[in-house]
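The structure under discussion appears below in the form of structure tokens.
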Amino acid sequence: MSSEPVVDVRDPAVLDDPMRGYDRILAASPVCRARLPNGGEGWLVTGSAEVRAVLADPAVRNDPAGLPGQGAQTQEEAFLALGTPREHLPYLRASLLSLDGAEHTRLRRSISHAFGATRVATLRPRVQQIVDELLDGLDGTADLLDEYAYPLAMAVVCELVGVPEADWADWYRWGKVLVDGDPARITPTLGEMFAYCHALVDRRRADPRDDLLSEVVAQDDLTDVDAVALVVFLVLAGHETMANMLANAALALMRDPAQRELLRREPELWPAAVRELVRTDGPVQLARLRYAATDLEVGGVRIKAGDAVQAVLGAANRDPRQFAHPDRADIRRQAEHGGREGSVGFGWGPHFCLGVALAKLEAEVALRSLFERFPEVEPVGEAAWVPLPRARHRVALAVRLR
Numbered sequence: 326m327s328s329e330p331v332v333d334v335r336d337p338a339v340l341d342d343p344m345r346g347y348d349r350i351l352a353a354s355p356v357c358r359a360r361l362p363n364g365g366e367g368w369l370v371t372g373s374a375e376v377r378a379v380l381a382d383p384a385v386r387n388d389p390a391g392l393p394g395q396g397a398q399t400q401e402e403a404f405l406a407l408g409t410p411r412e413h414l415p416y417l418r419a420s421l422l423s424l425d426g427a428e429h430t431r432l433r434r435s436i437s438h439a440f441g442a443t444r445v446a447t448l449r450p451r452v453q454q455i456v457d458e459l460l461d462g463l464d465g466t467a468d469l470l471d472e473y474a475y476p477l478a479m480a481v482v483c484e485l486v487g488v489p490e491a492d493w494a495d496w497y498r499w500g501k502v503l504v505d506g507d508p509a510r511i512t513p514t515l516g517e518m519f520a521y522c523h524a525l526v527d528r529r530r531a532d533p534r535d536d537l538l539s540e541v542v543a544q545d546d547l548t549d550v551d552a553v554a555l556v557v558f559l560v561l562a563g564h565e566t567m568a569n570m571l572a573n574a575a576l577a578l579m580r581d582p583a584q585r586e587l588l589r590r591e592p593e594l595w596p597a598a599v600r601e602l603v604r605t606d607g608p609v610q611l612a613r614l615r616y617a618a619t620d621l622e623v624g625g626v627r628i629k630a631g632d633a634v635q636a637v638l639g640a641a642n643r644d645p646r647q648f649a650h651p652d653r654a655d656i657r658r659q660a661e662h663g664g665r666e667g668s669v670g671f672g673w674g675p676h677f678c679l680g681v682a683l684a685k686l687e688a689e690v691a692l693r694s695l696f697e698r699f700p701e702v703e704p705v706g707e708a709a710w711v712p713l714p715r716a717r718h719r720v721a722l723a724v725r726l727r
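For the sequence shown, my numbering gives the first residue as 326, with consecutive numbering after it.
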């Protein structure tokens, strides 16, 4: 690419206020040249239709191996350039986030049965029990993120996967390090995680339990590396993303008495509320960086094979061409559309969120129970943001419980 990118997603103006920052970019062009979070150049895709097209296209892939131009650097070379030890590479390559095509489908299918709507529905009583116990422990003022959202998300995913409760604090610490993004801390943290998961795989193989990991290790076509990569993916995505999804949604409702009153009068709208709140204030702003495997045309823009492509979920979910009054939560509209309005809050295409049914269930139970127990809960002060280009996370969420 010869000329300078028109926008830099690392610009403080975008990081400090990503919603308005991406709104401005979208208004200029749904597909534009940009300086991406990794420092390289590529295409920023912000329009709703354009983001869905990119995420659904098998010619836009995660692994740039063998592609020309920027794609000349493989995932392995990129990891090594960041100082990743070579012994960590098999686990990073085996992640569902890194795989494409048949390999991605194979690994995803090995665990997808555990996240189907019918099976997830059987978890509702246990989720409700965890929620009730956590709410029983809240009084006066609290940090809703650390005292409610994180403990709930951690308990649900760890019990499902088979991570002993004594080890949950380690996962909380590891997740924080990886989100903060300090390379000096990430490498040893990954080493701890992989070693822990190998030991846990060995324990479940010797002593199977009623959990997902025991089912995984019993599958003949999965290697230990596959099993470790699955545990890391499920536990990190299942507690980090989920906790911030809950915190964002709770704060949005605290600031919107009209929607809160609607839910009080018509509690059957809670599933629609969850979908709408993920659209308006989801925890993931950017999809994983992808690469064009062939020449493409997206939104009237020509993208060459090997070019990096960054889809912006947060902008697509606020595209006025797709949503009327896009920055305003409208639960009733969401209910009328039945989830078919084109939101990419849970992703799109082959990498659509594997745990979407569980995430919706957790959020519905957690948010409804919170506002029924404390109908006048309110934020204390202004919740600060973690300045991350990819995620919309708060540092904390102090609330007064009333």
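Built from N, CA and C at the ideal position, the CB exists for glycine as well.
Item                                                                                                           : Value
Cβ-based burial, Lys685 [other Cβ within 10 Å; buried from 16]                                                 : buried
Cβ-based burial, Pro508 [other Cβ within 10 Å; buried from 16]                                                 : exposed
Assigned secondary structure, Cys483 (DSSP; H/G/I helix, E/B strand, else coil)                                : helix
Proximity of Gly372 and Val385 at Cβ, strictly below 8 Å                                                       : no
Unbroken beta strand (DSSP E) run spanning Ala467, endpoints                                                   : 466-468
C-alpha distance - Leu477 paired with Ser437, whole-angstrom precision                                         : 22 Å
Three-state secondary structure (DSSP) of Leu571                                                               : helix
Whole-Å CB distance - Arg715 paired with Pro362, under 8 Å assumed                                             : 6 Å
Whether Leu638 touches Gly607 by CB criterion (8 Å)                                                            : yes
Identity of the residue in Leu588, Pro513, Asp535, Ala474 nearest Pro489 by Cα                                 : Asp535
Contact under 8 Å by Cβ, Arg627 with Leu422                                                                    : no
Between the CA atoms of Arg643 and Arg653 - distance to the nearest angstrom                                   : 9 Å
Exposure of Arg717, with buried meaning 16 or more beta-carbon neighbours within 10 Å                          : buried
Exposure label - Gly706; buried when at least 16 CB within 10 Å                                                : exposed
Tyr616: first and last residue of the uninterrupted beta strand (DSSP E) it sits in                            : 615-617
Closest residue to Ser420 among Arg590, Glu689, Leu559 (Cα-Cα distance)                                        : Leu559
The beta strand (DSSP E) enclosing Leu414, as first and last residue numbers                                   : Run containing Leu414: none in the beta strand (DSSP E); it sits in the alpha helix (DSSP H), 414-418.
The segment 552-572 contacting the segment 515-524, beta-carbon criterion three pairs below 8 Å                : yes
Range of the contiguous beta strand (DSSP E) that encloses Glu622                                              : 621-623
Sequence-distant residues of the same chain with beta carbon closer than 8 Å to Thr512, five excluded per side : Gly408, Thr409, Pro410, His413
Rounded distance between the beta-carbons of Ala597 and Ala660, thought under 8 Å                              : 4 Å
Residues near Ala688 in its chain [Cβ-Cβ closer than 7 Å; skip 5 each side]                                    : Met570, Leu571, Ala574, Val599
Reduced DSSP secondary structure (H/G/I, E/B, other) of Trp499                                                 : helix
Extent of the continuous beta strand (DSSP E) run through Arg627                                               : 626-628
Same chain only: Cβ atoms within 6 Å of Pro651, ignoring 5 sequence neighbours per side                        : Arg643, Pro645
Counted within 10 angstroms of its Cβ, other Cβ atoms place Thr605 as buried (16 or more) or exposed           : buried
Alpha helix (DSSP H) runs contained entirely in the segment 340-392, provided each spans 4 or more residues    : 343-353, 373-381
Residues near Arg719 by beta carbon distance below 8 Å, same chain, minus five either side                     : Leu470, Asn569, Ala572, Asn573, Leu576, Ala708, Ala709, Trp710, Val711
Assigned secondary structure, Val334 (DSSP; H/G/I helix, E/B strand, else coil)                                : coil
Sequence-distant residues of the same chain with beta carbon closer than 7 Å to Val634, five excluded per side : Gly367, Trp368, Val370, Val379, Val385, Arg615, Tyr616, Ala617, Ile628
Residue burial classification, Gln544 (beta-carbon count within 10 angstroms, cutoff 16)                       : exposed
Where Trp673 falls: helix, strand or coil (DSSP)                                                               : coil
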